[in-house]
Every structure is written in structure tokens, then in C-alpha cells.
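Notes for the one structure printed next.
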Amino acid sequence: MTEGRLTPFFRDILGQDTLIERLREYIVDENTPHALLFVDKEGGEALPLALAFTRYLQCESPSEGDSCGRCRACLQMDTLAHPDVFPIFPVTKADSNDKPTSVDRLSDFRSMLSKEKRPLFSDWKTALRSENRQPQMYISEAEYLQHKLSYKSFQSKYRIVLVWLPELMNTPCANTLLKLIEEPPPGVIFLMVSTNPSAILPTIYSRLQRIRTATIPQNKIERYLSDHFGISSSAATEVSHLSQGNLRKALDLLRTENEGDYFSKFREASRILYLPIKGDPKLIKEKAEELHKLQRSEAIELLDIMLDVIREANSTIYGEPGCQYTRSEDKELVQQIANFQTLGMIPKMMEHIMTARAELSQNVMLKIVYFDLLVTLSLLFRGK
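Under our numbering, think of the first position of the sequence shown as 1, with each following residue one higher.
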């Protein structure tokens with residue numbers, strides 16, 4: 001993405017050409033839905049795409065299918081300071097009487113975007129210095145938004161409410177916001193970005209037109225890494241494969257300290273997945289107790305890497321080249337896991353892990369989630 005700008009252009013988005021063309025057509029046809037939901041995994045292209053679409057909607061002189069980058073609106077979007085754009089995101093309370101809104105932490109949000117164009121929720125918790133407090137959106141947020149949208153547009157045709165992680169609205173906030181979505185003021189467009197859409201209030205979710213971003217092709221990530229970081233072709237190929245189509249993950253892997261850290265976690269995830277194969281209840285219980293000591297973000301990341309292990313093991317079953325990227329010291333363990341997998345088990349294993357991930361996101365105790373997951377996988381390996 002263009003250096004120094006907080007919001008991207010369409011040209012900065014990787015692997016989403018079909019979706020970008022669809023968004024352009026909305027504007028050409030003057031048929032932009034008033035409520036869109038962009039869905040992707042953490043660190044994916046959903047937030048950059050929503051921000052690029054916001055820029056394009058507000059641009060005063062778009063040309064060649066993208067924002068101009070020079071008009072008043074584009075200059076305001078460079079710093080996410082457009083008066084008709086309202087970024088909404090989860091925040092924390094200082095105390096029980098606090099009535100926080102996103103405006104209070106907008107400078108922190110901008111600071112995060114200046115460092116990470118594809119932020120993770122853990123990045124935001126770090127920016128908030130929230131420690132063990134779970135950020136969410138409170139009714140004070142919805143009430144503030146009601147007030148702001150009661151006025152006319154300041155300078156643009158559209159007023160855009162950009163909601164990052166709507167699944168973290170509490171119920172009073174969601175119910176209040178629902179009324180705005182059902183009967184939006186003229187010219188108001190809601191753009192929501194979610195990594196866990198199943199946790200969004202169903203009555204809100206049903207009113208959103210969904211846009212699921214595509215996995216970035218491996219060759220596009222390879223080219224991006226080579227062009228921007230000058231790494232060798234073999235290194236770009238290895239990192240892009242391990243990234244599973246997620247540019248943020250690829251960038252994290254490029255950081256020297258993280259690359260070794262990833263493979264260490266890959267080995268740990270492989271060992272955890274091997275426990276259900278052994279089926280020893282005592283070992284499963286001990287591992288769940290051990291994992292309970294992790295930070296919640298670390299526990300979620302470990303589940304994501306368990307999915308990587310399953311994909312690598314799956315590659316060995318069908319003779320695909322995927323497992324060539326597994327470090328030599330890990331191949332035997334991955335092969336052992338592959339030996340116990342069948343075609344029907346793979347989606348079930350991934351579904352159970354994704355369920356565990358959702359539970360961790362909802363503050364269920366770590367040891368309960370991991371114990372339940374490992375027992376469930378153990379039964380699955382035994383055909384029960």
C-alpha cells in the first residue's frame with residue numbers, strides 16, 4: 001500500500017479483482033447496497049478492501065476505476081479524517097460508569113493502521129492496552145452514531161459508517177444499531193468487516209449483503225514479497241505457501257524472529273494434534289492445563305496453526321507438493337497425523353477447530369476449550 005496513507009486504493013488490494021469490479025459496478029449503476037458485510041480471516045483483505053471502497057465512494061474525481069488521490073476527499077482519507085466517514089470499532093471501558101465510543105480511541109486506531117495495514121484483533125488489543133479486558137461496542141457507540149447521522153452530510157453524497165468487527169457489539173448496541181440499518185437516513189452506507197460473521201446478531205446479519213474476499217493466489221503473494229522485499233524466489237515460494245493465501249501472515253513470517261517462532265509453533269501444534277491419535281486421557285488433560293497458561297491471542301493463533309498442520313498432512317495423503325515446505329524435523333510427525341486422516345475426517349477436524357476458535361473469541365476458559373477439542377478429535381479418530 002502507498003506509504004504514509006492509512007487507507008488504500010483498489011490497486012493496493014491483492015487478489016480481489018472480481019470483487020473490486022463488482023464494487024465499481026455498484027457505483028456506475030447507482031445501486032450501492034446500504035449495508036455491506038466484508039468477510040475474511042484475520043489479517044485478510046476485507047478491511048483494506050472496505051477502506052479502499054470507502055475512499056472510492058468519497059473520491060471527487062475517480063478515474064480509470066480507482067480514486068484520484070488528489071482531491072479534497074482523498075487527502076482526508078489519507079489520514080482517515082473525512083468528516084462523512086465514521087469508523088466504528090470495539091473499545092474498552094475505563095470503569096463501570098464509562099460510556100466509551102470509537103471517537104475516544106480514533107487516534108489509536110489510526111496509529112495501528114499506520115503500522116499494520118491488515119491488523120489482527122491482537123494488534124488492536126495491544127494498541128488499546130486493554131490487558132485482560134475484552135473490547136466490545138457499547139450502546140453509547142450506537143447512541144453517538146444516531147446523533148451524528150441525524151445531521152446532514154458535511155460535504156459528500158454519502159455518509160459511510162465503517163464497522164470493524166461487528167461481532168463484538170454487545171446486545172444493546174446491536175439492537176439500537178439495527179434500527180439504523182433497517183431505516184438508514186438518506187445517503188448512509190454501512191460497511192462492516194468481520195472475521196466471525198456467525199457471531200453477529202442474526203437480525204443484523206440478515207440485512208447485510210455479504211462479500212467474502214478470496215484467498216490470495218500464491219503467485220501474487222510471491223510476486224509481492226519479491227517486489228517489496230527483494231527476497232529470493234525460493235524464500236518467496238516457501239513463505240507464500242505457508243501463508244495460506246494471507247498476506248499479513250506472509251509478512252509476519254518474513255520477520256526473522258517470527259519465522260523461527262512459527263516453525264516452533266507448527267511443531268507444537270503437530271504434537272497437540274497427535275495427542276488425540278494416542279488417545280491417552282491423562283495426557284490430554286495435562287496438555288489442556290498447560291495450554292491454559294497461554295494468552296488468549298496465543299491460544300487462538302495455535303488453533304490457526306493446527307489448521308496449517310492439517311492442510312500439510314492432507315497434502316501428503318494425495319501426493320501434493322505441500323508437505324515439501326514442512327521442516328525436515330517435523331515431516332515425520334505430520335506424516336503420522338496424515339496416516340490417521342481420511343477424506344471424510346479432514347473437514348470435520350477443521351470444523352471442530354474453528355468451533356474451538358470461536359469459543360476462545362467469546363472468552364470461554366482456555367483449558368475447557370482445548371480439553372473438549374482434543375477429546376472430540378480423539379473420538380473422531382476412533383470413528384465415534
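Glycine included, every Cβ here is placed at the ideal spot set by N, Cα and C.
Quiz item: In terms of alpha-carbon separation, which member of H82, L14 and A81 lies closest to L49?
Solution: Answer by Cα proximity: L14.
Practice problem: Mind listing, in chain order, the continuous alpha helix (DSSP H) runs of no fewer than 4 residues lying wholly within the region 52-137? | Solution: 72-78, 106-115 and 121-128
Quiz prompt | Distance between T126 and I189 (C-alpha atoms, nearest Å) | solution = A direct Cα-Cα distance of roughly 29 Å separates I189 from T126.
Self-check item: Own chain residues within Cβ distance below 8 Å of L19, not counting five before or after
Solution: L49, I211, T213 and A214
Self-check item: Proximity below 8 Å, CB of T92 to CB of P135
Solution: Contact flag set, yes.
Quiz item: When the Cα atoms are used, what is the spatial distance from F121 to E42?
Solution: 8 Å
Quiz item: Assuming L208 and P185 make a contact with CB atoms under 8 Å, what is their CB distance in whole Å?
Solution: At roughly 18 Å, the Cβ-Cβ gap does not stay under 8 Å, so L208 and P185 are not in contact.
Exercise. Find the nearest neighbour of M365 within the set M306, S102, E312 and S297, judged by alpha-carbon distance.
Key: S297
Quiz item: So what does R159 bridge to, in DSSP terms?
Solution: DSSP, once it has assigned bridges, lists V188 as partnering R159.
Exercise. In the DSSP assignment, find the unbroken alpha helix (DSSP H) run with F9 in it and report its ends.
Key: Note, F9: premise wrong, no alpha helix (DSSP H); not H, not E.
Quiz item: So what does DSSP say about R439, is it helix, strand or coil?
Solution: Nothing about residue 439 can be reported from this structure: the residues present for the chain run from 1 to 384 only.
Quiz item: Distance, Cα to Cα, F10 vs S156?
Solution: Spanning the alpha carbons of F10 and S156 requires a straight line of approximately 20 Å.
Quiz item: By Cβ distance below 6 Å, which residues in the same chain neighbour A199 in space, the five residues on each side in sequence not counted?
Solution: E167
Practice problem: Could you check which residue in T7, S194 and A94 has the C-alpha nearest to that of L57? | Solution: T7
Self-check item: Three-state secondary structure assigned by DSSP to V193
Solution: strand
Exercise. May I ask you to report which of helix, strand or coil DSSP gives F38?
Key: strand
Self-check item: Boundaries of the beta strand (DSSP E) in which R212 is found, first to last residue
Solution: Unbroken beta strand (DSSP E) run through R212: Q209 to R212.
Self-check item: Where M350 falls: helix, strand or coil (DSSP)
Solution: helix
Quiz item: Do S140 and P100 have their CB atoms nearer than 8 Å?
Solution: Cβ atoms of S140 and P100: closer than 8 Å.
Quiz item: With DSSP run on the structure shown, which of helix, strand or coil describes M169?
Solution: strand
Quiz item: If we ignore side chains and look at the alpha-carbon of each, how far apart do F263 and G245 end up?
Solution: If you take the alpha carbons of F263 and G245, they lie about 18 Å apart.
Quiz item: Does the Cβ-Cβ distance between I337 and A313 come in under 8 Å?
Solution: yes
Quiz item: Got a sec, what are the start and stop residues for the alpha helix (DSSP H) Q146 sits in?
Solution: I139 to L149
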